[in-house]
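Have a look at the structure below before the remarks.
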Amino acid sequence: MTALDRPTLAEVPAALGPHATLAYPGTGDLLTPKELDAASARRAHALLAAGVRPGEVVGLLLPTGPDVLLGLFGVVRAGAAAAMLAPHSADPGVAAERLAPAVRRARMRHLIAHPDFAAVAHALLAHCPSLTVLEPGLETPGAGALPTVDAGDLAVVQFTSGSTGHPKGVMLSHAAILAGLRAIATTAAFSERDVMVNWAPHFHDLGLFGVLSVLLAGGGVHMLSPLAFMRRPAGTLRLLAETGGTIMTGPDFAYRKIAAALTPSTLDGLDLSRWRLAFNGAEPVRADTVDGFQKGLAPAGVASSVMYPVYGMAEATLAVTFPAPGTEPRVVHVDRARLADDHLAVAVAEGHADAKALVAVGRPVTGMNLRILDENGEECAPGRLGEIQIAGPAVTSGYLHDPAATAAAFDGPWLRTGDLGVELDGDLFIAGRRKEMIIVRGQNHFPQDVEDLVREAPGVHRGRCVAFADPATEHIVVVAELPAAADHAAVTSELRARVADRLGLAAVRVHAVKPGRLPTTTSGKWQRDLARTLLGE
Numbered sequence: 001m002t003a004l005d006r007p008t009l010a011e012v013p014a015a016l017g018p019h020a021t022l023a024y025p026g027t028g029d030l031l032t033p034k035e036l037d038a039a040s041a042r043r044a045h046a047l048l049a050a051g052v053r054p055g056e057v058v059g060l061l062l063p064t065g066p067d068v069l070l071g072l073f074g075v076v077r078a079g080a081a082a083a084m085l086a087p088h089s090a091d092p093g094v095a096a097e098r099l100a101p102a103v104r105r106a107r108m109r110h111l112i113a114h115p116d117f118a119a120v121a122h123a124l125l126a127h128c129p130s131l132t133v134l135e136p137g138l139e140t141p142g143a144g145a146l147p148t149v150d151a152g153d154l155a156v157v158q159f160t161s162g163s164t165g166h167p168k169g170v171m172l173s174h175a176a177i178l179a180g181l182r183a184i185a186t187t188a189a190f191s192e193r194d195v196m197v198n199w200a201p202h203f204h205d206l207g208l209f210g211v212l213s214v215l216l217a218g219g220g221v222h223m224l225s226p227l228a229f230m231r232r233p234a235g236t237l238r239l240l241a242e243t244g245g246t247i248m249t250g251p252d253f254a255y256r257k258i259a260a261a262l263t264p265s266t267l268d269g270l271d272l273s274r275w276r277l278a279f280n281g282a283e284p285v286r287a288d289t290v291d292g293f294q295k296g297l298a299p300a301g302v303a304s305s306v307m308y309p310v311y312g313m314a315e316a317t318l319a320v321t322f323p324a325p326g327t328e329p330r331v332v333h334v335d336r337a338r339l340a341d342d343h344l345a346v347a348v349a350e351g352h353a354d355a356k357a358l359v360a361v362g363r364p365v366t367g368m369n370l371r372i373l374d375e376n377g378e379e380c381a382p383g384r385l386g387e388i389q390i391a392g393p394a395v396t397s398g399y400l401h402d403p404a405a406t407a408a409a410f411d412g413p414w415l416r417t418g419d420l421g422v423e424l425d426g427d428l429f430i431a432g433r434r435k436e437m438i439i440v441r442g443q444n445h446f447p448q449d450v451e452d453l454v455r456e457a458p459g460v461h462r463g464r465c466v467a468f469a470d471p472a473t474e475h476i477v478v479v480a481e482l483p484a485a486a487d488h489a490a491v492t493s494e495l496r497a498r499v500a501d502r503l504g505l506a507a508v509r510v511h512a513v514k515p516g517r518l519p520t521t522t523s524g525k526w527q528r529d530l531a532r533t534l535l536g537e
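Using UniProt numbering, the first residue of the sequence shown is number 1, and each one after it goes up by one.
What follows is the structure, given as structure tokens:
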């Protein structure tokens, strides 16, 4: 029986293959399966001695390093559930204020906090005085058996990206997580020959479950911090070459960042021919990202099939749809207005004035069921846009201590994703979020279409912008980051004209904000509702 066949995460450390090691280039640390098994057992005993009770939720506030998986497996082996928490802000007070609702929602009594986040933990105590803060290295040899863990027990609570005032904690049982990891590993054909280079944060499902799926399939992982990647994306490529890396994950913006960092000197002598899958998920996949990645990295031996657009979410233990490994990304062009207003994917030429490029994200992974429903609750025929719903053993049972959110999320056994999609020739294409559709004077617009027009305009800082509707005045509102040196009046006027001309609308308002002002989630997705709130719209 392999690690993927185990019924609970508590049994995984003892079943990992000999190559399932974790290396940390930033610190030189190396965590072997044997060390993970022994040390996580000691941590489980220490947690029980500290008062952690089976069934409760323990928070983990940790930087990239061995403590992450040692903490995770220590918690689940103690019979509790782990919640990976994001620091959110460099300001300890702000970080604590944003974490407090999640701590209260989970009814946490214990928080494992690294010394790097001691100030955040201390500030958090002002909001949650009953919280007990524990050091990550707390270990006790322990005698006797650890608590019995069942497949149906809660294992991980994944707080959704951007959760602040009213956080939603996705409940994932041991059975759901193992089903999700098996689906990933099976559909993507992971094996002990795979080597992952990962920088995606562990407090995001892409980072946590992506890493676990490779390890449980017997492969090795090299862990970088998100900051290391953001500062030196070209360095990540060199690490891929040096380690013979075959797998990487990241949101769409990460691959744009990689392509932008490519220079003749970067590519000189770079051999990435072993790279087989570049998972692109967590935010909408852009056709120009796919094209830029393929063309930019071809000289390094990267096949065009390496770019791997996927669709997933925390509620599905990450994976919903994957393409078949080894196939080239599929891009279609449809009429933007027909898709938005008539909910029909009507093919047009790539150069058509109203062409909207959509990138295929594959077909349901092993064990996942998917359907697309129209506004009347009827199943959509191929080519018709509707809301994606999913069901299967890897799907969450609901949101922690939030029966109202759980009831709203489900249609019988089907989870409402809130995402709009269309199926064409068996492949799924994502068009946007239902709640973010912009409706102005009877016309529907996807916010990404407005943002695509704005981000390429001269003067917009790093293409950073968001768009949303103002229902009160029936205007499209665009918020763009502009450098202080820019002529704000001229740039905003140009942006207004660009959107109005392209979409045939005069009802456009443009706001300029400072670079870094627009809020994003931990995975880099725009928080359009929060941007609206910040502007008072």
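Built from N, CA and C at the ideal position, the CB exists for glycine as well.
Beta carbon of residue i nearer than 8 Å to that of residue j
{"i": "H127", "j": "A100", "result": "yes"}
{"i": "A183", "j": "A394", "result": "yes"}
{"i": "Y399", "j": "A405", "result": "yes"}
{"i": "A80", "j": "P54", "result": "yes"}
{"i": "V332", "j": "F322", "result": "no"}
{"i": "V454", "j": "A485", "result": "no"}
{"i": "H445", "j": "L503", "result": "yes"}
{"i": "L181", "j": "L212", "result": "yes"}
{"i": "L428", "j": "E387", "result": "no"}
{"i": "I258", "j": "P284", "result": "no"}
{"i": "P382", "j": "E315", "result": "no"}
{"i": "L344", "j": "A431", "result": "no"}
{"i": "L133", "j": "A113", "result": "Checking the displayed sequence, the identity of residue 133 turns out to be Val instead of Leu. Contact flag set, yes."}
{"i": "I62", "j": "V68", "result": "As written in the sequence, residue 62 is Leu, which differs from the Ile given in the question. Cβ atoms of L62 and V68: closer than 8 Å."}
{"i": "A151", "j": "S130", "result": "no"}
{"i": "P251", "j": "A287", "result": "no"}
{"i": "Y308", "j": "A278", "result": "yes"}
{"i": "P325", "j": "A189", "result": "yes"}
{"i": "P87", "j": "L31", "result": "no"}
{"i": "V149", "j": "H110", "result": "no"}
Cβ neighbour criterion (16 or more within 10 Å) applied to residue i
{"i": "N376", "result": "exposed"}
{"i": "E328", "result": "exposed"}
{"i": "M313", "result": "buried"}
{"i": "D29", "result": "exposed"}
{"i": "R107", "result": "exposed"}
{"i": "N369", "result": "exposed"}
{"i": "D194", "result": "buried"}
{"i": "P167", "result": "buried"}
{"i": "P115", "result": "exposed"}
{"i": "P136", "result": "buried"}
{"i": "M223", "result": "buried"}
{"i": "H204", "result": "buried"}
Chain-order list of residues whose beta-carbon lies under 7 Å from that of residue i (same chain, five-residue window excluded)
{"i": "R104", "result": "C128"}
{"i": "I177", "result": "L9, A155, V156 and T317"}
{"i": "T186", "result": "T366"}
{"i": "H19", "result": "E192, G218, G219 and G220"}
{"i": "Y255", "result": "A278, N280, T289 and F293"}
{"i": "V346", "result": "V334, D335 and R338"}
{"i": "D402", "result": "K168"}
{"i": "P25", "result": "H222, L224 and L239"}
Spatial neighbours of residue i in its chain, beta-carbon cut-off 8 Å, leaving aside the 5 residues before and after
{"i": "F410", "result": "G398 and R416"}
{"i": "G426", "result": "R363"}
{"i": "V144", "result": "Sequence check: residue 144 is Gly here, not Val. Counting only Cβ-Cβ distances below 8 Å, and skipping sequence neighbours, we find nothing."}
{"i": "M196", "result": "G210, V211, V214, G219, G220, V221, H222, G245, T246, I247, M248 and T249"}
Beta bridge counterpart(s) of residue i as assigned by DSSP
{"i": "L495", "result": "DSSP lists no partner for L495."}
{"i": "residue 540", "result": "There is simply no residue 540 to check, as the chain begins at 1 and stops at 537 in what is shown."}
{"i": "P364", "result": "T321"}
{"i": "L370", "result": "I390"}
{"i": "A347", "result": "V334"}
{"i": "M313", "result": "L318"}
{"i": "A23", "result": "L30 and H222"}
Nonlocal neighbours in the same chain, by C-beta distance under 6 Å from residue i, ignoring five residues either side
{"i": "A3", "result": "V12, A15, L16 and L216"}
{"i": "H45", "result": "T140 and G142"}
{"i": "T164", "result": "Residue placement at T164 is flagged as unreliable, the pLDDT there being 44, under the threshold of 50; a coordinate-derived value is accordingly withheld."}
{"i": "F73", "result": "P13 and S40"}
{"i": "P7", "result": "A151"}
8 Å Cβ cutoff, residue i in contact with chain E
{"i": "S265", "result": "Although the question refers to chain E, the structure presented lacks it and comprises just one protein chain."}
request  = Let me know the beta strand (DSSP E) ranges lying completely inside the segment 169 to 209, each 3 residues or longer, listed in chain order.
outcome  = Those beta strand (DSSP E) runs which fall completely within the segment 169 to 209 and span 3+ residues are 169 to 173 and 195 to 198.
**Request:** Could you name each continuous beta strand (DSSP E) segment of 3 residues or more that falls completely within the segment 219 to 307, going from the start of the chain to the end?
**Result:** Runs of the beta strand (DSSP E) inside the segment 219 to 307: 220 to 223, 247 to 250 and 277 to 280.
| query | Taking only runs of the beta strand (DSSP E) that begin and end inside the segment 29 to 81, which ones reach a length of at least 3 residues, in chain order? | reply | Secondary structure remark: continuous beta strand (DSSP E) runs of at least 3 residues inside the segment 29 to 81, in chain order: 29 to 31 and 57 to 61.
Of all the beta strand (DSSP E) runs that stay within the bounds of the segment 400 to 475, which reach a length of 3 or more residues? Entirely contained in the segment 400 to 475, the beta strand (DSSP E) runs reaching 3 residues are, in chain order, 414 to 424, 427 to 433, 438 to 440, 443 to 445 and 465 to 470.
| query | In the segment 84 to 128, which residue ranges form an unbroken alpha helix (DSSP H) of at least 4 residues, counting only runs that do not cross its ends? | reply | Runs found: 92 to 105 and 118 to 127.
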